[in-house]
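S.K.: This is the structure I have questions about; it appears just below.
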Amino acid sequence: MFNLQNTLESRLRAPFALTMQALALCLSLAGSAAADTAARPLLLFAPASMTSVLGALREEWTAGGHQMTVSFAGTATLARQLRAGAPADLFISADRAWLDVLTAEGLLRQPQRVAGNRLVLVVPSRSSRQSLSLQAGAVADALAGGRLAVAMVESVPAGRYAKAALTSLGLWTEAQTRLAETVDVRAALRLVALGEAPLGVVYATDARSEPRVRVVADIPPTSHPAIEYWAAPVAGGRHPDTAAFMDYLTSPSAMAHFRQAGFTDPQPDGSH
Amino acid sequence: MTIFTPDELTTIQLSLKVSAWATLVSLPPGIAVAWVLARREFPGKWLLDVLIHLPLVMPPVVTGYLLLMAFGRQGPLGIWLETTLGFTFAFNWTGAALACGIMGFPLLVRSVRLSIESVNRGLEQAANTLGANPAWVVVRVTLPLALPGILAGAVLCFAKALGEFGATITFVSNIPGLTQTLPGAIYNSIQLPEGEAAALRLTGVAIALSMGALLVSEWLTRRLRKREGQAR
Amino acid sequence: MTLQMDLSHHQGDFHLQVVADLPAGVTGVFGPSGAGKSTLLEIVAGLRRPKQARITLDGKVLCDTAAGRWMPPHRRGIGYVFQDSRLFPHLSVTENLNFGRRHGRAPAHPSTCAEVIELLGLARLLDRSPGSLSGGERQRVAIARALLSAPRLLLLDEPCASLDLPRREELLGYLAAVCATSSVPMLYVSHSLPEIARLAHQLLLLENGQATACGPIHELLGRVDLPGLSRSDEAGTVLLVRSIGTAEAGLCSYEHAAGVLRLPGPLVPAGQTIRLLVKARDVSLAVGEPGQLSIRNRLAATVMEVGPPHAGLCEVLLDAGGDRLLTRVTMATVGELSLQSGRRVTALIKSASLGH
Numbered sequence: 022m023f024n025l026q027n028t029l030e031s032r033l034r035a036p037f038a039l040t041m042q043a044l045a046l047c048l049s050l051a052g053s054a055a056a057d058t059a060a061r062p063l064l065l066f067a068p069a070s071m072t073s074v075l076g077a078l079r080e081e082w083t084a085g086g087h088q089m090t091v092s093f094a095g096t097a098t099l100a101r102q103l104r105a106g107a108p109a110d111l112f113i114s115a116d117r118a119w120l121d122v123l124t125a126e127g128l129l130r131q132p133q134r135v136a137g138n139r140l141v142l143v144v145p146s147r148s149s150r151q152s153l154s155l156q157a158g159a160v161a162d163a164l165a166g167g168r169l170a171v172a173m174v175e176s177v178p179a180g181r182y183a184k185a186a187l188t189s190l191g192l193w194t195e196a197q198t199r200l201a202e203t204v205d206v207r208a209a210l211r212l213v214a215l216g217e218a219p220l221g222v223v224y225a226t227d228a229r230s231e232p233r234v235r236v237v238a239d240i241p242p243t244s245h246p247a248i249e250y251w252a253a254p255v256a257g258g259r260h261p262d263t264a265a266f267m268d269y270l271t272s273p274s275a276m277a278h279f280r281q282a283g284f285t286d287p288q289p290d291g292s293h
Numbered sequence: 280m281t282i283f284t285p286d287e288l289t290t291i292q293l294s295l296k297v298s299a300w301a302t303l304v305s306l307p308p309g310i311a312v313a314w315v316l317a318r319r320e321f322p323g324k325w326l327l328d329v330l331i332h333l334p335l336v337m338p339p340v341v342t343g344y345l346l347l348m349a350f351g352r353q354g355p356l357g358i359w360l361e362t363t364l365g366f367t368f369a370f371n372w373t374g375a376a377l378a379c380g381i382m383g384f385p386l387l388v389r390s391v392r393l394s395i396e397s398v399n400r401g402l403e404q405a406a407n408t409l410g411a412n413p414a415w416v417v418v419r420v421t422l423p424l425a426l427p428g429i430l431a432g433a434v435l436c437f438a439k440a441l442g443e444f445g446a447t448i449t450f451v452s453n454i455p456g457l458t459q460t461l462p463g464a465i466y467n468s469i470q471l472p473e474g475e476a477a478a479l480r481l482t483g484v485a486i487a488l489s490m491g492a493l494l495v496s497e498w499l500t501r502r503l504r505k506r507e508g509q510a511r
Numbered sequence: 002m003t004l005q006m007d008l009s010h011h012q013g014d015f016h017l018q019v020v021a022d023l024p025a026g027v028t029g030v031f032g033p034s035g036a037g038k039s040t041l042l043e044i045v046a047g048l049r050r051p052k053q054a055r056i057t058l059d060g061k062v063l064c065d066t067a068a069g070r071w072m073p074p075h076r077r078g079i080g081y082v083f084q085d086s087r088l089f090p091h092l093s094v095t096e097n098l099n100f101g102r103r104h105g106r107a108p109a110h111p112s113t114c115a116e117v118i119e120l121l122g123l124a125r126l127l128d129r130s131p132g133s134l135s136g137g138e139r140q141r142v143a144i145a146r147a148l149l150s151a152p153r154l155l156l157l158d159e160p161c162a163s164l165d166l167p168r169r170e171e172l173l174g175y176l177a178a179v180c181a182t183s184s185v186p187m188l189y190v191s192h193s194l195p196e197i198a199r200l201a202h203q204l205l206l207l208e209n210g211q212a213t214a215c216g217p218i219h220e221l222l223g224r225v226d227l228p229g230l231s232r233s234d235e236a237g238t239v240l241l242v243r244s245i246g247t248a249e250a251g252l253c254s255y256e257h258a259a260g261v262l263r264l265p266g267p268l269v270p271a272g273q274t275i276r277l278l279v280k281a282r283d284v285s286l287a288v289g290e291p292g293q294l295s296i297r298n299r300l301a302a303t304v305m306e307v308g309p310p311h312a313g314l315c316e317v318l319l320d321a322g323g324d325r326l327l328t329r330v331t332m333a334t335v336g337e338l339s340l341q342s343g344r345r346v347t348a349l350i351k352s353a354s355l356g357h
């Protein structure tokens with residue numbers, strides 16, 4: 022009898038203690054959440070291609086005493102999340118089409134250009150090729166049975182720009198049947214870096230960040246629609262820092278960061 | 280079929296082809312591994328169990344990346360297969376089938392293992408006493424009795440293969456006609472603001488195909504059960 | 002055939018130790034529950050590896066732990082009828098039977114097949130599935146399946162245990178027919194002495210894991226120094242009688258050296274020798290001429306031996322015309338009737354069951 026009682030007690034003790042601890046944790050979390058709504062960080066939605074440069078900008082911004090959270094994903098994903106009511110304060114779009122749709126739906130206010138980008142052709146750094154002239158047949162030669170790595174040409178912005186560029190350069194027919202379309206431009210970069218694809222079309226900013234690839238050609242900016250990054254405050258957002266951060270994004274110090282990362286300056290008339 | 284564009288039809292056909300091959304090729308090794316896990320004890324058995332379950336717990340993109348490193352054009356296994364057997368996975372539907380098969384493999388093994396474990400070992404003993412060697416016992420007693428579980432596992436594998444995206448696109452990228460499966464096409468569609476209609480159409484197809492596989496499996500299982508319990 | 006066993010196996014607290022040489026024929030393995038009978042069968046069949054054993058069948062080594070030799074069960078040619086029949090549920094009766102034929106030692110001749118099916122009354126059941134059969138029918142299929150694998154030795158593990166009384170009688174009838182017609186040696190495990198007495202020629206007595214006796218069943222049943230046998234509720238002996246072939250008032254007559262017995266039951270053709278199982282509790286004693294009694298079957302007998310007393314009772318062994326009879330009386334009766342070796346008595350037999 023005595024043993025039974027002891028055993029029961031000791032067996033109940035552990036789960037009871039666990040329950041109390043869990044309860045305490047829940048309470049403290051609820052408490053901190055309550056505290057946060059009083060002064061929550063600015064929430065920025067940004068395209069994945071801006072990951073490193075926005076990291077640097079964020080550091081500078083938060084050093085001034087502000088708080089900011091950034092959510093990185095593909096523009097389409099972020100746009101759909103916004104449509105579904107995500108509580109973002111600011112939205113940076115890498116895709117003009119999505120920007121127009123969101124603005125038309127009244128989800129974004131007063132967009133502003135913050136940066137531009139260029140397309141480049143890259144090869145694996147192990148390759149002996151140093152440059153590629155953009156003549157007809159050049160791409161086919163360079164591929165030599167391999168595939169051209171690009172982001173998905175119908176949907177992902179980087180892919181759409183690549184298709185537009187190749188088409189206007191007269192290289193689309195030879196490239197069309199030899200594509201390896203990836204889920205995003207980073208994956209295309211990775212294919213070239215690993216040597217799986219002998220050639221790839223990526224952003225200049227991506228090429229800079231990857232030591233295992235070499236740029237062999239700059240795609241003329243006139244061959245495709247302007248690659249622009251637009252920032253806009255989200256309609257209905259009430260964060261006090263929103264306007265200030267918008268100003269910061271277009272400030273000279275921010276532009277210096279963008280330039281350093283390989284982005285181009287936004288031109289008011291769209292040319293760059 | 281005017282509901283779907285020719286490209287979409289190609290995608291659906293390719294998805295079916297990839298998933299079917301992934302399942303068929305996974306079955307023999309899947310059954311073998313499940314049998315070993317169910318009926319044998321040996322040092323390091325836990326390690327085999329963990330390895331089998333890795334694709335289930337790792338992020339699919341990681342699995343795809345590992346496949347790329349091993350079986351890609353520059354990967355050691357990829358190079359060996361190409362030079363010795365003239366066979367490529369990279370940027371080919373075979374690679375998609377490999378990725379889908381690997382992702383579905385743990386589900387197959389789990390289901391088959393449970394099924395084999397539930398086969399009465401006394402029946403296997405009886406077969407032994409009647410002169411059947413261990414191989415015959417597996418073929419004529421264990422596996423036939425485990426068939427419902429094998430079917431369920433195959434269906435799970437097929438359904439997983441139909442829905443597999445991350446590993447596939449990371450390994451063999453998205454090449455319409457060669458490696459663009461249903462999920463890839465759906466992803467492609469939802470990237471565009473106006474792509475919802477296409478996405479929904481294709482999603483409907485994916486659901487219909489999975490349900491079809493499930494129904495076939497149910498029907499087959501019921502027939503098996505009936506055969507076992509005649510005149511009950 | 003000869004089955005030679007020398008084994009010592011332990012599992013937890015249980016220790017099985019058997020040293021025996023078994024000849025051809027039907028050997029009954031008798032013992033209470035937990036005596037180790039099933040374990041013994043499993044070891045002989047190769048379904049369980051003994052800690053220490055040397056077992057040979059017809060000279061072939063099945064298991065020799067000292068020499069590190071072990072023959073897997075599928076090569077031993079030893080058939081096994083399990084208590085739970087273990088028919089393959091996904092195969093029909095015919096397919097179950099064919100499994101035995103297909104994987105057995107030698108493909109059974111079609112005529113053998115037909116014989117076995119007829120012997121066990123399976124003709125109507127061939128297309129059925131095991132799930133739709135009754136317990137008795139399943140056991141019959143199991144027996145047939147094992148026989149069709151042409152075994153060198155057939156092991157039966159309490160085949161009647163899970164059946165109710167009428168089904169048990171029915172199955173025993175079939176088993177008796179099999180034992181009579183088949184030349185396959187058998188090891189028949191049971192905790193029911195009448196079953197064994199009806200079917201077996203040899204007896205192996207297993208008590209608490211130890212083989213305490215082994216020998217012809219006649220001899221062992223007629224001993225009072227084996228309490229495992231003699232003190233059993235169903236202890237008894239076997240009489241060999243010859244049918245006279247006549248029946249009157251529903252009783253058939255049988256001739257025995259020590260008298261004539263009239264028993265109910267089917268008419269056995271004249272001249273046929275059959276075994277009668279007489280239980281100790283169905284035998285009463287009378288000294289001198291018994292008066293008018295309801296018991297008609299009387300055999301002249303002589304007391305051979307009075308067994309040791311237990312709980313106020315003791316067994317008395319009688320010699321009736323060369324056969325042994327066993328009865329159980331109180332110690333008081335021993336004194337009153339002056340029962341001692343050599344005393345002439347009349348054995349009154351209330352009932353007996355027919356064996357084969």
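Protein chains in written order, with the numbering used here: chain Z, 22 to 293; chain B, 280 to 511; chain X, 2 to 357.
Just so it is clear, CB atoms sit at the ideal spot from N, CA and C, and this is done for glycine as well.
Compute the beta-carbon to beta-carbon distance between M89(Z) and R79(Z), rounded to the nearest angstrom, for a pair I have assumed lies under 8 Å.
M.R.: M89(Z) to R79(Z), Cβ: 6 Å. Contact.
S.K.: When the distance is taken between beta carbons, is V307(X) closer than 7 Å to A348(X)?
M.R.: The answer is no: Cβ separation not under 7 Å.
S.K.: For L207(X), I'd like the list of residues in its chain whose CB is within less than 8 Å of its CB, leaving aside the five on either flank, ordered along the chain.
M.R.: Correct list, in chain order: V19, V30, F31, G32, A36, G37, K38, L41 and T213.
S.K.: At the 7 Å Cβ level, is A46(X) part of the contact set with chain B, yes or no?
M.R.: It does; some Cβ of chain B falls within 7 Å.
S.K.: Given this structure, state the Cα-to-Cα distance separating G47(X) from L63(X), to the nearest angstrom.
M.R.: Spanning the two alpha carbons is a distance of roughly 8 Å.
S.K.: Can a CB atom of chain X be found closer than 7 Å to the CB of T290(B)?
M.R.: It does not; no Cβ of chain X falls within 7 Å.
S.K.: Taking three-plus beta-carbon pairs below 8 Å as touching, is the region 406 to 413 of chain B in contact with the region 447 to 464 of chain B?
M.R.: No, the region 406 to 413 of chain B is not in contact with the region 447 to 464 of chain B.
S.K.: Among V434(B), K439(B), V398(B) and A438(B), which one has its Cα closest to the Cα of R419(B)?
M.R.: Closest option to R419(B), Cα to Cα, is V398(B).
S.K.: Looking at V143(Z): is its Cβ nearer than 7 Å to the Cβ of V236(Z)?
M.R.: Yes, the pair counts as a contact, with Cβ atoms nearer than the cut-off.
S.K.: Tell me which residues share the same chain as E217(Z) and place their Cβ nearer than 7 Å to its Cβ, disregarding the 5 neighbours each side in the sequence.
M.R.: Excluding sequence neighbours, E217(Z) sits near nothing in its chain.
S.K.: Indicate the three-state DSSP secondary structure (helix, strand or coil) for N399(B) in the structure shown.
M.R.: DSSP places N399(B) in coil when its eight states are reduced to three.
S.K.: State buried or exposed for V329(B), treating a residue as buried only when at least 16 other CB atoms are found within 10 Å of its CB.
M.R.: It is exposed - the Cβ of V329(B) has fewer than 16 other Cβ atoms within 10 Å.
S.K.: When you compare each of L240(X), L126(X), P217(X) and V190(X) to P24(X) by their alpha carbons, which one comes out closest?
M.R.: Nearest option by C-alpha distance: P217(X).
S.K.: What residues in the region 108 to 121 of chain Z bring their beta carbon closer than 7 Å to a beta carbon of chain B?
M.R.: Flagged, chain order: A118 and W119.
S.K.: Look up Q18(X) in the DSSP assignment and say whether it is helix, strand or coil.
M.R.: If DSSP states are grouped into helix, strand and coil, Q18(X) belongs with the strands.
S.K.: In whole angstroms, what separates the C-alpha of F89(X) from that of A271(X)?
M.R.: Going by the C-alpha atoms only, they are around 44 Å apart.
S.K.: Give every residue of the same chain whose Cβ lies closer than 7 Å to the Cβ of L75(Z), excluding the five residues on either side of it in the sequence, and list them in chain order.
M.R.: Hits under 7 Å: A67 and V91.
S.K.: What did DSSP end up calling M332(X) once you bin it into helix, strand or coil?
M.R.: In this structure, M332(X) counts as helix in the three-state DSSP scheme.
S.K.: Below 7 Å between beta carbons: does that hold for I79(X) and L154(X)?
M.R.: A contact, by the Cβ cut-off of 7 Å.
S.K.: What is the residue span of the alpha helix (DSSP H) that F279(Z) lies within?
M.R.: Where F279(Z) is concerned, the enclosing alpha helix (DSSP H) stretches over P273 to A282.
S.K.: Closer than 7 Å, Cβ to any Cβ of chain Z: which residues of the region 365 to 376 of chain B, in chain order?
M.R.: Residues A369 and F370.
S.K.: One question on the structure: do H257(X) and V242(X) come within less than 7 Å of each other, judged by their Cβ atoms?
M.R.: Yes, the Cβ-Cβ distance between H257(X) and V242(X) is below 7 Å.
S.K.: Locate the alpha helix (DSSP H) running through E43(X), then write down its first and last residues.
M.R.: Here the alpha helix (DSSP H) through E43(X) covers K38 to A46.
S.K.: Between the beta-carbon of V222(Z) and the beta-carbon of V171(Z), is there less than 7 Å?
M.R.: Cβ distance < 7 Å, so V222(Z) and V171(Z) count as in contact.
S.K.: According to DSSP, is G360(X) part of a helix, a strand, or is it coil?
M.R.: An answer regarding residue 360(X) cannot be provided, because it is not within the stretch 2 to 357 covered by chain X.
S.K.: Short of 9 Å Cβ to Cβ, which residues in the region 416 to 431 of chain B face chain X?
M.R.: Residues passing the 9 Å Cβ filter: V416, R419, V420, P423, L424 and L426.
S.K.: Looking only at its chain, what residues have a beta carbon closer than 7 Å to the beta carbon of L149(X), apart from the 5 residues adjacent to it on each side?
M.R.: Here the set comprises L98, G101, R102, G105, A109, C114 and V117.
S.K.: Opposite G237(X) in the DSSP bridges: which residues?
M.R.: Beta-bridge pairing links G237(X) to K280(X).
S.K.: Consider the Cβ of S176(Z): report whether some Cβ of chain B lies at a distance smaller than 7 Å.
M.R.: True, the Cβ-Cβ gap to chain B drops below 7 Å.
S.K.: Taking a contact to mean a Cβ-Cβ separation below 7 Å, would you say G251(X) touches P265(X) in this structure?
M.R.: Yes; because the gap between Cβ atoms is below 7 Å, this pair is in contact.
S.K.: Is the CB of A405(B) under 7 Å away from at least one CB in chain X?
M.R.: It does: the Cβ of A405(B) has a partner Cβ on chain X nearer than 7 Å.
S.K.: Pick out whichever of L63(Z), A214(Z) and W82(Z) has its Cα sitting closest to the Cα of T271(Z).
M.R.: Measuring from the Cα of T271(Z), the nearest candidate turns out to be W82(Z).
S.K.: In angstroms, rounded to a whole number, what distance separates the CA positions of A151(X) and R76(X)?
M.R.: Taking the straight line joining both Cα atoms gives about 12 Å.
S.K.: For G210(X) versus L17(X), is the C-beta distance shorter than 7 Å?
M.R.: Yes, these two residues count as a Cβ contact at 7 Å.
S.K.: Roughly how many angstroms separate the alpha carbons of A125(Z) and R101(Z), rounded to a whole number?
M.R.: In a straight line, the C-alpha of A125(Z) is about 14 Å away from that of R101(Z).
S.K.: Going along chain Z, which residues have a C-beta under 8 Å from G442(B)?
M.R.: Ordered by position in chain Z, no residue passes the 8 Å Cβ test against G442(B), which lies about 15 Å from the chain.
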